[in-house]
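The next block holds one structure in the form of structure tokens; read it before the comments.
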Amino acid sequence: MMKINEIIRTRRKELKLTQEQAAEYLGISAPAVNKWEKGVSYPDITLLPPLARLLKVDLNTLLSFEEELTGEEINHFCEEIYTVLKERGYKEGYELAMKKIREYPNSSNLIYNLAGFLKGTMLMFPVEEEDKAAYEEEILGLFERIAMNSETDWRIRGSALNMLVADYIQKENYSRAEELLTQIPDPGVDKRPMLTLLYRRQGKTEEAVKLAQQKLLQAAGDVQNCLITLMEIHKEQGSREDMEYYAGKCRNVVELLDLWEYGKYMADYETAAARKDADRTLEMLEKVLDAMGKPWKLGESRLYHSLDEQKGNQEQQKELFKRMRTGLLEDLENLEEFDFIRDRQEFKALLAKFRDDNTLK
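All letters in the sequence shown, in the order written, are residues 753 to 1113 by our numbering.
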């Protein structure tokens, strides 16, 4: 938890103010500000309100009260911001999120969640092209801020480092990605199996089932992601037989472990497209586009029935899937790799069908 001197120094630098500028605003000397930041002395009580206004924080934040927020509070903020994003656009939603971060500059959990939320919703809502790079840079800066803070909880810090590594790989800055990877600690012992056993012995059946289903869902997703990665590697290498082998395994995992059916059809679609099999590609493409219109109802599976509340906001899920489908339709119309089916009448009919009915069921 930051002390008042650290909060003053951090916020002043974030606002790009010099000690002299801060001192002039408050009507004091620059050395006085310097002493505050070093923890040698503290602001007079009469200076606290104007100091908080200068640093654009409330007094609770300045005095380190209510620094950490509960998960429920953070979820509430995300829902509030999502409503603004949807009704008034990305810019206003983004500004509201940054305002929340300024109000709670020391809540790593809030900053991490809002940074990830802003990054994800950028794919869901229209963003002015000239503003996009600035948003991405500032979001990257939020992850950097968490990752480089040694006082941040390691679970949050590790997740932020992981996000940064993915971003730098995407930017082809491999040296920076490798540097950050070395800072991510090896995973410790997973306590969930023992905690599940403890719950069973204590007669807490619901808690035990929920924990076991959480682990199953995570493991299922990990297996699917590994198979997709192997499929993509062999596609890049031109090894069609191996690609189809892993695609088949991916399809089996989706069916066996009740994952979103989109994953099953997407694997078959990828292999058909790699073979330039127009008939099979069109068949699977229709299934993929149709599956994108059906939200994954986690709680309807007997494997994950206790996790129903974890499926998140249905409206957000619907919006995300709608954007995914819109993006795929645009790729189908414009990318060279789809030239081999573009002149087919069935292809044109598919585009018309899903463009005119880009809704979710």
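We put the CB at the ideal spot given by N, CA and C, even for glycine.
Counting C-beta neighbours from all protein chains within 10 Å, is the total for Arg-763 16 or more, i.e. buried, or is it exposed?
One-based indexing of the sequence shown puts residue 763 at position 11. That one is buried.
Would you please state the rounded distance, in angstroms, between the beta carbons of Thr-904 and Glu-855? I believe it to be under 8 Å.
The residue labelled residue 904 in the question sits at position 152 within the sequence shown. The residue labelled residue 855 in the question sits at position 103 within the sequence shown. That belief does not hold up - the Cβ atoms of Thr-904 and Glu-855 are roughly 18 Å apart, past 8 Å.
Quick one, which of Ala-960, Asp-1031, Gln-935, Asp-938 has its alpha-carbon nearest Met-946's?
As a working mapping, residue 946 is identified with position 194 in the sequence shown. When only C-alpha atoms are compared, the closest one is Ala-960.
Closer than 8 Å by C-beta to Val-836: which residues in its own chain qualify, once you throw out the five before and the five after it? Chain order, please.
Along the sequence shown, one-based indexing puts residue 836 at 84. Closer than 8 Å at the Cβ level, and outside the excluded window around Val-836, lie Glu-844, Gly-845, Leu-848.
Hey, how far is the Cα of Ala-918 from the Cα of Trp-788?
One-based indexing of the sequence shown puts residue 918 at position 166. One-based indexing of the sequence shown puts residue 788 at position 36. Roughly 38 Å separates the two Cα atoms.
Would you give the residue range spanned by the alpha helix (DSSP H) that Lys-1105 belongs to?
As a position in the sequence shown, residue 1105 is number 353, starting the count at 1. From DSSP, the alpha helix (DSSP H) with Lys-1105 extends over 1097-1108.
Would you check if the distance between the CB atom of Gly-1045 and the CB atom of Arg-1075 is smaller than 9 Å?
By 1-based counting over the sequence shown, the position of residue 1045 is 293. By 1-based counting over the sequence shown, the position of residue 1075 is 323. For Gly-1045 and Arg-1075, no; Cβs fall outside 9 Å.
Below 8 Å CB to CB, which residues in the same chain sit around Leu-892 once its five sequence neighbours on both sides are set aside?
Along the sequence shown, read from residue 1 onward, the residue named residue 892 stands at position 140. Result list for Leu-892: Leu-916, Asp-919, in chain order.
Counting only beta-carbon separations shorter than 9 Å, does Glu-882 have a partner in chain B?
No chain B is part of this structure, which consists of one protein chain only.
Buried or exposed: which applies to Glu-988, given that a residue is buried once 16 or more other Cβ atoms fall within 10 Å of its Cβ?
Along the sequence shown, one-based indexing puts residue 988 at 236. Its Cβ having fewer than 16 others within 10 Å, Glu-988 is exposed.
Take every Cβ of the region 1094-1106, pair it with every Cβ of the region 1020-1034, and state whether three or more of those distances are shorter than 8 Å.
Result yes; three or more Cβ-Cβ pairs closer than 8 Å.
Rank Tyr-1017, Tyr-794, Arg-944, Gln-976 by C-alpha distance to the C-alpha of Leu-1037 and give the top, closest one.
The residue given as residue 1037 occupies position 285 in the sequence shown. It is Tyr-1017.
Under the rule that 16 or more other beta-carbon atoms within 10 Å means buried, what is Thr-948, buried or exposed?
Here residue 948 corresponds to residue number 196 of the sequence shown, with the count starting at 1. That one is buried.
Using the C-alpha atoms, what's the distance from Gly-791 back to Asn-757?
As a first step, residue 757 must be located in the sequence shown, where it is residue number 5. As a first step, residue 791 must be located in the sequence shown, where it is residue number 39. Cα to Cα, the separation comes out at about 5 Å.
Could you compute how far the alpha carbon of Ala-886 sits from the alpha carbon of Leu-1011?
Residue 886 sits at position 134 when you count from the first residue of the sequence shown. Residue 1011 sits at position 259 when you count from the first residue of the sequence shown. One C-alpha to the other measures close to 36 Å.
Pull up the CB-CB distance for Leu-933 and Tyr-951, whole angstroms please, since I reckon it's below 8 Å.
For the purposes of this step, residue 933 is taken as the residue at position 181 of the sequence shown. For the purposes of this step, residue 951 is taken as the residue at position 199 of the sequence shown. Not really, about 35 Å apart at Cβ, beyond 8 Å.
Which stretch, first to last residue, makes up the alpha helix (DSSP H) that contains Pro-939?
As a first step, residue 939 is located in the sequence shown; it is residue number 187 there, counting from the start. No alpha helix (DSSP H) contains Pro-939, which DSSP labels as neither H nor E.
For Gly-1051, is the classification buried or exposed, using 16 other Cβ atoms within 10 angstroms of its Cβ as the cut-off for buried?
By 1-based counting over the sequence shown, the position of residue 1051 is 299. It is exposed - the Cβ of Gly-1051 has fewer than 16 other Cβ atoms within 10 Å.
Hey, would you say Tyr-1056 sits closer than 9 Å to Leu-979, going by beta carbons?
Along the sequence shown, one-based indexing puts residue 1056 at 304. Along the sequence shown, one-based indexing puts residue 979 at 227. Against a cut-off of 9 Å, the Cβ pair of Leu-979 and Tyr-1056 comes out as no contact.
Can you name, in chain order, every residue of its own chain whose Cβ lies under 6 Å from the Cβ of Leu-815, other than the five neighbours on each side?
Sequence index remark: in the sequence shown, residue 815 carries index 63 (1-based). Within the same chain, Leu-815 has no close Cβ partners at all.
Suppose the cutoff is 8 Å on Cβ atoms and the five residues either side in sequence are ignored; what does the same chain contact list for Pro-802 look like?
Position 50 of the sequence shown, counting from 1, holds the residue named residue 802. Closer than 8 Å at the Cβ level, and outside the excluded window around Pro-802, lie Tyr-777, Leu-778.
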